[in-house]
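Working notes for the structure below.
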Amino acid sequence: MQRPIYLDCHSTTPLDERVLAAMLPYFREQFGNPASTSHIYGWEAESAVKLARESIAAAIHAIPEEIIFTSSATEANNLAIKGVAEAYFEKGKHIVTLQTEHNAVLDPCAYLQSLGFDLTYLPVQSDGLLDLAELEKAIRPDTVLVSAIAANNEIGVLQPLAEIGAICRSNQVLFHTDAAQAIGKIPLNVEAMQIDLMSLTAHKVYGPKGIGALYVRRRNPRVQLAPQMHGGGHERGIRSGTLYPPQIVGFAQAVSIALADRLEENARILQLRQRLWQQLSSLDGIMLNGHEHQRLAGNLNISVAGVDGQALILGLQPVIAVSSGSACTSSKNTPSHVLKALGRSNDLAYASIRFGIGRFNTEAEIDRAAKHSIDTIDSLRQARSQLGLSSIDSKQI
Ligand SMILES: *Cc1c(COP(=O)(O)O)cnc(C)c1O
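The sequence shown lines up with residues 710 to 1106 when you count with the working numbering.
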């Protein structure tokens, strides 16, 4: 049986062969522990980690000492948010974030709230963008951190990082951004954007799963961080645990490939997205979720009026691998909090499709995905109208 077309690149991406090739020696002969200082096995591993750290730092205009390797962006977010909350406890207990964050930000925030911290969850506009005036208003003397997602994992919307950074800096509040979806896809510059902490992950950019990093600013200002993992004092004592050279090398390789090919790849992927949208928007009752242009090239998120959300995903399943909302929340039977924040009804939030187009997708795949989506939507609507249910309820929209 033919496997479905993979169009779920926001949940993960296939490993690039070039990344795998760079990783393999570190599983085999160069298996040393980078913390072993007394022999060549350790030195080889340490030198590979050093090069990788330099290249990831350069990709975001940071210095190598500012990169802390973690197991994931989830861990990086936890370290950033809980680590700042704990370290700046005396200054204040107020944190500002967005309603459309990934759960890896929302959940540590909710945890802090349970400990007595004060959280503000800013709404977004109907296109998914933050209103900067709302941010200005939310910042208080006891605010210690603003956490704002760089590129949304459901709707691909790109927040204005430089503008947010400028507001945070002028109010002397630290700025963290979850850039799990952004690294390698949009320019990221921690200096120009005045970012103090940034979470990264490899597996959304054709690298391996199980490796991420937190950028932590070392000067102007020097960010204080309380470690969340105590142990052997790795990563300047901020994140203990033996480093994992194959994953770290793969992460750096994935980022450098993405940066080298970024403009060309984005143009190609954008063209595929437009091709998909052109076909899908020929149907009635299809709504685009998120800003039309200020979004990741590979993201298309639509709501479909007049169909049942679960039936829609089931109907698509045999031919295309997509998801409704984020993979991390699709096990919960609640409508996407991101689509709800845009003001979508429950029905439209359920009946949504997130297409994540990536490096290895082709025009033929896009055409097949479009045709199958249209056929599925048509037949679900026909079935509903035979049951006497109106196929497109204008109230829904
Ligand atoms: C995937 C993702 C995460 C989680 O990253 P992991 O490395 O899988 O833990 C966090 N934030 C965003 C925006 C994501 O897309």
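No residue lacks a Cβ here, since even glycine has one placed at the ideal position from N, Cα and C.
State the Cα-Cα distance for the pair residue i and residue j, rounded to the nearest angstrom.
i	j	result
aspartate 1056	alanine 730	45 Å
isoleucine 714	leucine 828	40 Å
asparagine 1070	proline 954	29 Å
glutamate 973	arginine 931	36 Å
glutamine 903	leucine 909	16 Å
proline 743	isoleucine 777	14 Å
arginine 928	isoleucine 772	11 Å
asparagine 812	serine 747	42 Å
alanine 1073	leucine 897	32 Å
tyrosine 797	proline 936	13 Å
isoleucine 1083	glycine 1024	11 Å
cysteine 1037	glutamate 863	With a pLDDT of only 44 at cysteine 1037, under the threshold of 50, the placement of this residue in the model should not be trusted; the figure read from the coordinates follows. Straight-line Cα distance between these residues: approximately 11 Å.
leucine 760	valine 914	19 Å
valine 1028	leucine 989	16 Å
lysine 846	leucine 1051	20 Å
lysine 1080	isoleucine 1086	10 Å
glycine 1097	arginine 1090	11 Å
isoleucine 895	asparagine 786	20 Å
proline 869	glycine 940	37 Å
histidine 1000	glutamine 983	14 Å
isoleucine 1022	isoleucine 1062	8 Å
glutamate 952	tryptophan 752	Residue 952 is actually leucine in this sequence, not glutamate. The alpha-carbon atoms of leucine 952 and tryptophan 752 are separated by roughly 13 Å.
cysteine 877	serine 1094	52 Å
histidine 885	alanine 757	28 Å
leucine 867	valine 1016	29 Å
glutamine 881	asparagine 998	34 Å
Should residue i go down as buried or exposed, given a rule of 16 or more other Cβ atoms within 10 Å for buried?
i	result
glycine 893	buried
methionine 710	exposed
alanine 1078	buried
glutamate 738	exposed
threonine 1043	exposed
serine 1088	exposed
glycine 865	buried
proline 850	exposed
aspartate 970	exposed
leucine 788	buried
Give me the Cβ distance between residue i and residue j, rounded to the nearest whole Å; I'm assuming they're in contact under 8 Å.
i	j	result
lysine 1049	alanine 1060	Not really, about 13 Å apart at Cβ, beyond 8 Å.
leucine 838	glutamine 1003	7 Å
isoleucine 790	serine 856	6 Å
glutamate 872	leucine 841	6 Å
alanine 911	glutamine 890	Not quite, the Cβ-Cβ distance comes to about 12 Å (not below 8 Å), so this is no contact.
leucine 968	alanine 768	6 Å
valine 793	valine 853	6 Å
Need the endpoints of the alpha helix (DSSP H) that residue i sits in, please.
i	result
serine 879	870-879
serine 965	954-989
isoleucine 1022	1018-1025
Just to confirm the assignment, what range does the beta strand (DSSP E) spanning residue i have?
i	result
leucine 1009	1008-1013
alanine 922	921-925
isoleucine 995	995-997
threonine 910	906-910
serine 856	852-856
leucine 883	883-887
Which runs of the beta strand (DSSP E) fall wholly inside the region 720-779 and span at least 3 residues, in chain order? 776-779
**Asked** Can you list the beta strand (DSSP E) stretches of 3 or more residues lying completely in the region 1038-1077, in chain order?
**Response** Annotation note: the region 1038-1077 contains the following uninterrupted beta strand (DSSP E) runs of length 3 or greater, listed N- to C-terminal: 1061-1065.
At which residue ranges does the region 786-845 contain complete alpha helix (DSSP H) runs of 4 or more residues, listed in the order of the chain?
-> 812-823
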